[in-house]
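**Q** This is the structure, below, for whatever I ask next.
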Amino acid sequence: MKFKFNPDDLKSLVKKSFSSDNINKRRQSMKFFWKNLPEQIRRLSVVAVILFALPLVVRQLLIPTDFGKYGHYRASALDEIVSQEIHYAGRELCNECHDDVVEVKYNGYHKTLTCEVCHGPAFAHTEDDAIELEAPRKRSYCPTCHEYLPSRPSGFPQIISARHNSRKACIKCHDPHDPKPPETPRECKACHAEISYTKAVSKHVDIPCTRCHQTPEEHKIRPREVLPSKPHNREFCGSCHALDAESSEDIPRIDLFEHERRYNCWQCHYPHLPEAN
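In UniProt numbering, the protein residues as written are 1 to 277.
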């Protein structure tokens with residue numbers, strides 16, 4: 001036997017269910033049920049209703065209506081961002097004034113680092129170039145990337161900062177814009193600044209430190225224990241100052257066989273400023 005749906009029966013059922021008599025009976029039934037509940041159950045029920053309704057009320061009052069329109073963000077946030085004052089970002093503005101640094105840096109290993117990584121926000125500097133930029137002068141900064149870790153790629157320069165010339169800041173020897181292994185005299189100047197300044201006014205200013213001093217690599221790590229060598233014979237200085245030396249005519253000449261043969265040259269002449277003797 002097939003059931004036949006009659007719309008009139010459904011209308012009659014709905015009308016009967018929502019009639020005033022039925023609604024009053026349900027209200028009386030609910031009141032009877034509520035009055036017969038234990039006191040503690042009624043209190044807990046009230047608390048549960050409040051706890052359930054409270055987040056809905058708070059959300060309605062505090063959370064903007066456009067929240068969640070674009071994922072977890074407010075739709076009006078886009079208008080707020082657009083209305084903000086534009087500040088400088090990236091390194092394009094830095095390039096306008098520091099083109100000499102840019103050329104060096106973009107050909108080096110640090111070319112992918114933005115200027116703010118080391119110098120920090122520079123908005124004040126863009127407004128007044130008399131305001132100096134910060135520079136990472138502490139040894140603890142560079143080891144953030146360069147401290148030895150077995151997990152780092154083998155081609156990534158790494159040091160043990162406690163052993164690697166621990167008394168000097170990294171930028172004393174290394175140019176951070178072009179961090180290649182340092183070359184003399186910049187490398188020597190980091191520790192021997194007084195000699196470097198003296199040599200700068202000497203006729204020997206163009207002679208690199210390594211021309212006269214052979215410096216082991218360990219000297220960088222243990223500078224007081226492993227010392228650089230000095231010229232050990234008179235013939236070394238004679239390569240420029242001997243009578244038959246193939247050097248410029250304005251260089252002072254001596255007879256190596258007659259001129260104080262018992263001493264090495266540097267025992268009487270200060271090689272970093274020989275004019276002073």
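Quick reminder that beta carbons are idealized off the backbone N, C-alpha and C, glycines included.
What is the DSSP secondary structure of C257, reduced to helix, strand or coil?
**A** What sits at residue 257 in the sequence shown is Phe, not Cys. In this structure, F257 counts as coil in the three-state DSSP scheme.
**Q** If you follow the alpha helix (DSSP H) that K105 is part of, which residue opens it and which one closes it?
**A** Where K105 is concerned, the enclosing alpha helix (DSSP H) stretches over 99 to 105.
**Q** Express the C-alpha separation of V226 and T215 in angstroms, rounding to a whole number.
**A** Those two C-alpha atoms are separated by around 9 Å.
**Q** Given this structure, state the Cα-to-Cα distance separating E260 from E194, to the nearest angstrom.
**A** C-alpha separation (whole angstroms): 29 Å.
**Q** When the Cα atoms are used, what is the spatial distance from R152 to Q158?
**A** Looking at the two C-alpha atoms, the distance is approximately 9 Å.
**Q** Going by the DSSP bridge assignment, what does I159 pair with across the sheet?
**A** The partner list for I159 (beta bridge, DSSP) reads E147.
**Q** Counting Cβ pairs, one atom from each stretch, are 3 or more of them under 8 Å apart for the segment 130 to 137 and the segment 99 to 112?
**A** The segment 130 to 137, when compared against the segment 99 to 112, does not touch it at the 8 Å Cβ threshold.
**Q** From the DSSP output, in three-state form, read off A135 for me.
**A** The answer is coil: DSSP assigns A135 none of H, G, I, E or B.
**Q** In the DSSP assignment, find the unbroken alpha helix (DSSP H) run with Y199 in it and report its ends.
**A** As written in the sequence, residue 199 is Lys, which differs from the Tyr given in the question. Where K199 is concerned, the enclosing alpha helix (DSSP H) stretches over 193 to 200.
**Q** Measure the CB-CB distance between H272 and K199 and report whether it falls below 8 Å.
**A** Cβ atoms of H272 and K199: closer than 8 Å.
**Q** Does the distance from the C-beta atom of V104 to that of D178 stay below 8 Å?
**A** Against a cut-off of 8 Å, the Cβ pair of D178 and V104 comes out as a contact.
**Q** Could I get the ranges of all uninterrupted alpha helix (DSSP H) runs contained in the segment 195 to 250, with 4 residues as the minimum, in chain order?
**A** Whole alpha helix (DSSP H) segments, 4+ residues: 209 to 212, 218 to 221, 234 to 241.
**Q** Exposed or buried, what is R167 when buried is set at 16 or more other beta-carbons lying within 10 Å of its beta-carbon?
**A** That one is exposed.
**Q** By Cβ distance below 8 Å, which residues in the same chain neighbour A122 in space, the five residues on each side in sequence not counted?
**A** Hits under 8 Å: Y88, C94, C115, E116, L133.
**Q** Please identify the residue among H192, L149, L62 whose C-alpha is closest to the C-alpha of T219.
**A** It should be noted that the sequence gives His, not Thr, for residue 219. Of the candidates H192, L149, L62, the one whose C-alpha sits nearest the C-alpha of H219 is H192.
**Q** Beta-carbon within less than 8 Å of A245's beta-carbon, same chain only, minus the 5 sequence neighbours each way: which residues are those?
**A** Only G238, S239, I251, R253 meet the Cβ criterion.
**Q** Helix or strand or just coil, what does DSSP make of R262?
**A** In this structure, R262 counts as coil in the three-state DSSP scheme.
**Q** In whole angstroms, give me the CA-to-CA distance for Q60 and R42.
**A** For Q60 and R42, the distance between alpha carbons rounds to 27 Å.
**Q** Compare the beta carbon distance of P231 and C212 with 8 Å and say whether it is the shorter of the two.
**A** Cβ atoms of P231 and C212: closer than 8 Å.
**Q** Could you spell out where the alpha helix (DSSP H) holding D79 opens and where it closes?
**A** That run of the alpha helix (DSSP H) goes 76 to 83.
**Q** Need the endpoints of the alpha helix (DSSP H) that R167 sits in, please.
**A** From DSSP, R167 is part of no alpha helix (DSSP H); its letter is neither H nor E.
**Q** Going straight from the alpha carbon of W34 to that of I50, what length do you get?
**A** Computed Cα separation, rounded: 17 Å.
**Q** Should R234 be labelled buried (16 or more other beta-carbon atoms within 10 Å of its own) or exposed?
**A** With 16 or more other Cβ atoms within 10 Å, it is buried.
**Q** Measuring only the C-alpha atoms, how far is I63 from P55?
**A** When rounded, the distance between both Cα atoms is 11 Å.
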